[in-house]
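Its first residue numbered 16, the sequence shown is counted upward by one per residue in the working numbering. To start, the structure itself, in structure tokens.
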Amino acid sequence: MWIRQPGVHPPIRFPQDPPPRAFRFGQPKLSPSPSAFIYPLFVSHKFRKYTSNVSSEMSRLLRSKEGCWTCRLRRKKCDGSRPECSICTSLAIPCYGFGPKPDWMDHGEKEKAMTESLKQVVKHTSRRKAIPRIPKELSRPKNIAPRNLTEASSSSSSPGISIQRDGINSPANQDLPQDAKDTSDSKPSIDLVSPVNNHDHEGLVLYPIAADESACLMHYLDNVFPLQFPMYKSSILEGGRGWLMALLLKMKPLYHATLALSSYHRRKVALSETSHHMCQVASVIEQEKHLATCLGEFQRLMRSINESLQASSCPKDGLGVMALVVQLIFFEYFTGQGIEWQIHLNAATNLYRRGCQDILCHFALGERSKTIINDDLPLSEGEHPVAVQETVTFRFLTVTVVWLDIISAITAGTAPRLLPNHVMSMAWDCSQMKFENIIGCKVWVLLQIARIATLHEHKTQSLTQDQPIDLDFQEAVNDINREIQSGLNQMTLEGFCFAEGGPCDNPSASTTRPTAVDERTIVTNFYTYMASIYLHLVTHGFQQMDVINPSICAAVGMLRTQVPAHILSSLVCPLFVIGCVVRKEDEKAFFRHIFSSPPLLDPLFEHRMKLLPVLEETWKKMKTTDNLSWAQVLELTPNILPI
Numbered sequence: 016m017w018i019r020q021p022g023v024h025p026p027i028r029f030p031q032d033p034p035p036r037a038f039r040f041g042q043p044k045l046s047p048s049p050s051a052f053i054y055p056l057f058v059s060h061k062f063r064k065y066t067s068n069v070s071s072e073m074s075r076l077l078r079s080k081e082g083c084w085t086c087r088l089r090r091k092k093c094d095g096s097r098p099e100c101s102i103c104t105s106l107a108i109p110c111y112g113f114g115p116k117p118d119w120m121d122h123g124e125k126e127k128a129m130t131e132s133l134k135q136v137v138k139h140t141s142r143r144k145a146i147p148r149i150p151k152e153l154s155r156p157k158n159i160a161p162r163n164l165t166e167a168s169s170s171s172s173s174p175g176i177s178i179q180r181d182g183i184n185s186p187a188n189q190d191l192p193q194d195a196k197d198t199s200d201s202k203p204s205i206d207l208v209s210p211v212n213n214h215d216h217e218g219l220v221l222y223p224i225a226a227d228e229s230a231c232l233m234h235y236l237d238n239v240f241p242l243q244f245p246m247y248k249s250s251i252l253e254g255g256r257g258w259l260m261a262l263l264l265k266m267k268p269l270y271h272a273t274l275a276l277s278s279y280h281r282r283k284v285a286l287s288e289t290s291h292h293m294c295q296v297a298s299v300i301e302q303e304k305h306l307a308t309c310l311g312e313f314q315r316l317m318r319s320i321n322e323s324l325q326a327s328s329c330p331k332d333g334l335g336v337m338a339l340v341v342q343l344i345f346f347e348y349f350t351g352q353g354i355e356w357q358i359h360l361n362a363a364t365n366l367y368r369r370g371c372q373d374i375l376c377h378f379a380l381g382e383r384s385k386t387i388i389n390d391d392l393p394l395s396e397g398e399h400p401v402a403v404q405e406t407v408t409f410r411f412l413t414v415t416v417v418w419l420d421i422i423s424a425i426t427a428g429t430a431p432r433l434l435p436n437h438v439m440s441m442a443w444d445c446s447q448m449k450f451e452n453i454i455g456c457k458v459w460v461l462l463q464i465a466r467i468a469t470l471h472e473h474k475t476q477s478l479t480q481d482q483p484i485d486l487d488f489q490e491a492v493n494d495i496n497r498e499i500q501s502g503l504n505q506m507t508l509e510g511f512c513f514a515e516g517g518p519c520d521n522p523s524a525s526t527t528r529p530t531a532v533d534e535r536t537i538v539t540n541f542y543t544y545m546a547s548i549y550l551h552l553v554t555h556g557f558q559q560m561d562v563i564n565p566s567i568c569a570a571v572g573m574l575r576t577q578v579p580a581h582i583l584s585s586l587v588c589p590l591f592v593i594g595c596v597v598r599k600e601d602e603k604a605f606f607r608h609i610f611s612s613p614p615l616l617d618p619l620f621e622h623r624m625k626l627l628p629v630l631e632e633t634w635k636k637m638k639t640t641d642n643l644s645w646a647q648v649l650e651l652t653p654n655i656l657p658i
């Protein structure tokens, strides 16, 4: 169904929604003709702030001949061009359009801050216009790019490349395309190295990023990204975080979504370090400016994708689109209180599934990248940089989307959307898709957790329909339990074992572990304890707790003695599940401390403050409610994503 809001463009058809599936543990089937999924792009309250024209007042303003809000603020004549006036465009300042009055137009401090911000941009733009530029023919990137991969490889390995003051005749220009050489013959020679007393040539700037944006971008790379993925360590073979930088600079909406998230974190940090109100107001304006740009570009991007899908062709840069949607998941969840993050997560899983169904077509990957991914090949040292970037990006986003899908399923009480099947084998069965290198946990544990979440959905549906639990359910429980116990036994062999009685019964009991334990092993083992407890909660609720008491004691003991504080932020979900079942007062006090202090609490992660009240309420219900079920606990966790 197409739903149209007054004054708003129709929703955009996006990759399909998964169909209702018959329950078969571990092997859900896809319908041959799934229904189309409509990405509700306009549900975001922040997006509606900039695009919705529902009220009559907005319509009146749209019909008005008055200038845009930016020109009104600057008290300049506006030409009324839509969607952005040419005055603002020429000055490279944000045009706030002709719709409803922006929040910053308050005749107060916000308006003053915006005025000052625009003045600085205009001043910077005016300076740039005064700088002499290299002719476009010489400054266009396409004229100096290698013609093919072979040429790129040879040119990248050529020694002794230098740029002389002779300009066009220098060795660095011997491989220029013929059109560039012809242009050089017909125009005056231009020195590629400016004299000391001259300004830098604008045409030589590869990425002309404003100073405030570069600071914001580096804040994201240095501070925010490590908070999002605390266990991720980039390797030299993968080019470090170069793939991330390339991705951010390649797609405008992703770039601005990232800057908006970075601005939000900077503001939250500043709130704890300064009380300067004007700085805080300016930060809010910066965040909203980037978000408006991001969502406006996102709307255009979705239209382009929709046109490509209707023409049965592969959309351009599908990998960047998925990265953008993932970033919007984080932004909406970290900054909002609603369900927008769930809509973006659904879109991400749909997009990923469609890409896998179409043999990676919708990710717009190169042929070499497809070969590496489909054949599950490791990256070699001599691999082409583009193939390395695309492969690393695809694998990183795959792990991220699958992980978010599973974590959201735990608190939503539903089955993950990306369960293993013939389509999704790329995510689950590839040895090079190393989950532990990105989120810290090995894939086999996450697979069992996904199966448990599926069991919970099936059990809930059966109870709702007054149907008995079938044999398939119990067989799946037994199979999952065997896999978990096998993992726990392996942990014992690796040295993760407690003396008889364990720390719960004997606080002085000693523990043994290898002298140097890899952090990814610690995270995987902690998730394994969580899986054991989670399986019991789904099958038995909070009854027969003595059965899982060894797992609870071992998990708490491991947390106290073996888990470094700096990796706690990568264990939010298992901490939440295990915290629900602790019963001793000292254990409750321990979890209260963990959930109410750093590193779990960070200005970026205000949502984590919702978890401790849920634990407190669960502990109360354990004492007052007979036959407490896991489903009853999940009623306390609406819209909570424990990350």
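Built from N, CA and C at the ideal position, the CB exists for glycine as well. Nothing here was measured: the structure is a model prediction, and the numbers come from that model.
Test item: CB-CB of Q342 and A272 under 8 angstroms | Stepping through the sequence shown from its first residue, residue 342 is reached at position 327. Stepping through the sequence shown from its first residue, residue 272 is reached at position 257. At a Cβ-Cβ threshold of 8 angstroms, Q342 and A272 count as neighbours.
Return the residue from the list H581, P579, L550 that minimises the CA-CA distance to S566.
-> Locating residue 566 in the sequence shown gives position 551, counting from the first residue. For S566, the nearest C-alpha among the options comes from L550.
Taking Cβ positions, are Q674 and N642 nearer each other than 8 angstroms?
-> Here the chain has residues from 16 to 658 only, and residue 674 is not among them.
Could you work out which residue in C110, I464, T639, I582 is closest to G502 when comparing CA atoms only?
-> Locating residue 502 in the sequence shown gives position 487, counting from the first residue. Of all alpha-carbon atoms in C110, I464, T639, I582, the one lying nearest the alpha-carbon of G502 is that of I464.
With distances taken between CB atoms, is the gap from S644 to G556 smaller than 8 angstroms?
-> Here the question's residue 644 lines up with position 629 in the sequence shown. Here the question's residue 556 lines up with position 541 in the sequence shown. In terms of Cβ geometry, S644 and G556 form a close pair [threshold 8 angstroms].
For L334 and Q193, the rounded distance between their alpha carbons = Here residue 193 refers to the residue found at position 178 when the sequence shown is read from its first residue. Here residue 334 refers to the residue found at position 319 when the sequence shown is read from its first residue. Confidence at Q193 is low in this model, with a pLDDT of 41, below 50, so the placement of that residue should be treated as unreliable; the coordinate-derived value is given next. Approximately 33 angstroms between the Cα atoms of the pair.
C-alpha distance - L615 paired with T639, whole-angstrom precision | Position 600 of the sequence shown holds residue 615. Position 624 of the sequence shown holds residue 639. Going from the Cα of L615 to the Cα of T639 covers about 29 angstroms.
Under 8 angstroms by Cβ, that's how I've got V414 and F378 pegged, so tell me the actual separation to the nearest angstrom.
-> Reading the sequence shown from its first residue, position 399 is the one you call residue 414. Reading the sequence shown from its first residue, position 363 is the one you call residue 378. About 15 angstroms separates the beta carbons of V414 and F378, which is beyond the 8 angstroms limit, so they are not a contact pair.
Return helix, strand or coil for P522, following the three-state DSSP convention.
-> Here residue 522 is taken as the residue at index 507 of the sequence shown, counted from 1. Model confidence at P522 stands at a pLDDT of 45, short of 50, so the residue's coordinates are unreliable and nothing is read from them.
From G594, F313, F349, pick the residue whose C-alpha is nearest to that of D332; which is it?
-> Reading the sequence shown from its first residue, position 317 is the one you call residue 332. From the listed residues G594, F313, F349, the smallest Cα separation to D332 is found for F313.
C-alpha gap between T469 and M448, whole angstroms | Mapped onto the sequence shown, residue 469 falls at position 454. Mapped onto the sequence shown, residue 448 falls at position 433. Answer to the nearest angstrom: the Cα atoms are 23 angstroms apart.
Can you grab the Cα-Cα spacing for the pair V629 / Y348, in whole Å?
-> Looking up residue 629 in the sequence shown gives position 614. Looking up residue 348 in the sequence shown gives position 333. Spanning the two alpha carbons is a distance of roughly 18 angstroms.
Could you tell me the boundaries of the alpha helix (DSSP H) in which Q404 lies?
-> Within the sequence shown, residue 404 is the residue found at index 389, counting from 1. Here the alpha helix (DSSP H) through Q404 covers 400 to 427.
Identify whether L260 lies in helix, strand or coil by the three-state DSSP scheme.
-> Locating residue 260 in the sequence shown gives position 245, counting from the first residue. Sequence inspection shows Met at residue 260; the Leu mentioned does not correspond to that position. Of the three classes helix, strand and coil, the one that applies to M260 here is helix, per DSSP.
Inter-stretch contact (C-beta, 8 angstroms, three-pair minimum) for the region 644 to 656 and the region 273 to 282 = By the Cβ criterion, the region 644 to 656 is not in contact with the region 273 to 282, since fewer than three pairs of Cβ atoms, one from each stretch, lie closer than 8 angstroms.
K304, buried or exposed, once every other Cβ within 10 Å from all chains shown has been counted against 16 | Position 289 of the sequence shown holds residue 304. Per the 10 Å Cβ criterion, buried.
Inter-residue spacing [alpha-carbon to alpha-carbon] between T633 and V553 = The residue you call residue 633 lines up with position 618 of the sequence shown. The residue you call residue 553 lines up with position 538 of the sequence shown. Taking the straight line from one Cα to the other gives about 15 angstroms.
Nonlocal neighbours in the same chain, by C-beta distance under 6 angstroms from R315, ignoring five residues either side | Position 300 of the sequence shown, counting from 1, holds the residue named residue 315. No residues qualify anywhere along the chain.
C-alpha gap between W119 and K125, whole angstroms = Locating residue 119 in the sequence shown gives position 104, counting from the first residue. Locating residue 125 in the sequence shown gives position 110, counting from the first residue. Taking the straight line joining both Cα atoms gives about 5 angstroms.
Cβ shell of L419 (< 7 angstroms), same chain only, five flanking positions each side left out | Translated into positions along the sequence shown, residue 419 becomes position 404. Excluding sequence neighbours, L419 sits near I344, L360.
Nearest-angstrom Cβ-Cβ length linking G428 and T475, presumed shorter than 8 angstroms | In the sequence shown, the residue the question calls residue 428 occupies position 413. In the sequence shown, the residue the question calls residue 475 occupies position 460. Indeed, because the Cβ distance is near 6 angstroms, the residues count as touching under 8 angstroms.
In the DSSP assignment, find the unbroken alpha helix (DSSP H) run with M573 in it and report its ends.
-> Working through the sequence shown from its first residue, we reach residue 573 at position 558. Note, M573: alpha helix (DSSP H), 564 to 576.
What's the C-alpha gap between S96 and R607?
-> What you label residue 96 is simply residue 81 of the sequence shown in a count that begins at 1. What you label residue 607 is simply residue 592 of the sequence shown in a count that begins at 1. When rounded, the distance between both Cα atoms is 57 angstroms.
Where do the N-terminal and C-terminal ends of the alpha helix (DSSP H) with W84 fall, by residue?
-> Translated into positions along the sequence shown, residue 84 becomes position 69. Here the alpha helix (DSSP H) through W84 covers 84 to 89.
Mind checking A338: buried by the 16 CB within 10 Å criterion, or exposed?
-> Looking up residue 338 in the sequence shown gives position 323. With 16 or more other Cβ atoms within 10 Å, it is buried.
Figure out for me which residue from V340, R256, T350 has the closest Cα to the Cα of E280.
-> Within the sequence shown, residue 280 is the residue found at index 265, counting from 1. Note that residue 280 corresponds to His in the displayed sequence, not to Glu. Comparing Cα-Cα distances from H280 to each of V340, R256, T350, the minimum goes to T350.
Taking Cβ to Cβ, would you say F541 is nearer than 8 angstroms to P589?
-> The sequence position of residue 541 within the sequence shown is 526, counting from 1. The sequence position of residue 589 within the sequence shown is 574, counting from 1. Closer than 8 angstroms, so yes.
Since V299 contacts R318 with CB under 8 angstroms, what's their CB separation in whole angstroms?
-> Sequence index remark: in the sequence shown, residue 299 carries index 284 (1-based). Sequence index remark: in the sequence shown, residue 318 carries index 303 (1-based). Between V299 and R318, the beta carbon gap of about 29 angstroms keeps them out of contact (Cβ cut-off 8 angstroms).
Could you tell me the distance, in whole angstroms, from the CA atom of F40 to the CA atom of L392?
-> Taking the first residue of the sequence shown as 1, we reach residue 40 at position 25. Taking the first residue of the sequence shown as 1, we reach residue 392 at position 377. Residue placement at F40 is flagged as unreliable, the pLDDT there being 45, under the threshold of 50; the coordinate-derived value follows with that caveat. F40 and L392: Cα-Cα distance of roughly 29 angstroms.
Rounded to the nearest angstrom, how far is the Cβ of I387 from that of L375, given a contact under 8 angstroms?
-> Against the sequence shown, residue 387 aligns to sequence position 372. Against the sequence shown, residue 375 aligns to sequence position 360. That pair is no contact at about 11 angstroms.
Using the Cα positions of W443 and G455, report the straight-line distance between them to the nearest angstrom.
-> Position 428 of the sequence shown, counted from the start, is the residue given in the question as residue 443. Position 440 of the sequence shown, counted from the start, is the residue given in the question as residue 455. Roughly 15 angstroms separates the two Cα atoms.
Any idea if K457 is buried or exposed, counting beta-carbon neighbours within 10 angstroms, 16 or more meaning buried?
-> Along the sequence shown, one-based indexing puts residue 457 at 442. By the neighbour-count rule (16 or more Cβ atoms within 10 Å), K457 is buried.
Measuring CB to CB, does L626 end up less than 8 angstroms from F610?
-> Here residue 626 refers to the residue found at position 611 of the sequence shown. Here residue 610 refers to the residue found at position 595 of the sequence shown. For the 8 angstroms CB-CB criterion, L626 and F610 form a contact.
In three-state DSSP terms, what is R19?
-> As a position in the sequence shown, residue 19 is number 4, starting the count at 1. Unreliable placement is indicated for R19, whose pLDDT of 35 sits below 50; no coordinate value is reported for it.
Run through DSSP, which three-state label would R383 get?
-> One-based indexing of the sequence shown puts residue 383 at position 368. In this structure, R383 counts as helix in the three-state DSSP scheme.
C-beta contact flag for P245 and S585 at 8 angstroms | On the sequence shown, residue 245 is found 230 positions in, with the first residue counted as 1. On the sequence shown, residue 585 is found 570 positions in, with the first residue counted as 1. Contact: yes.
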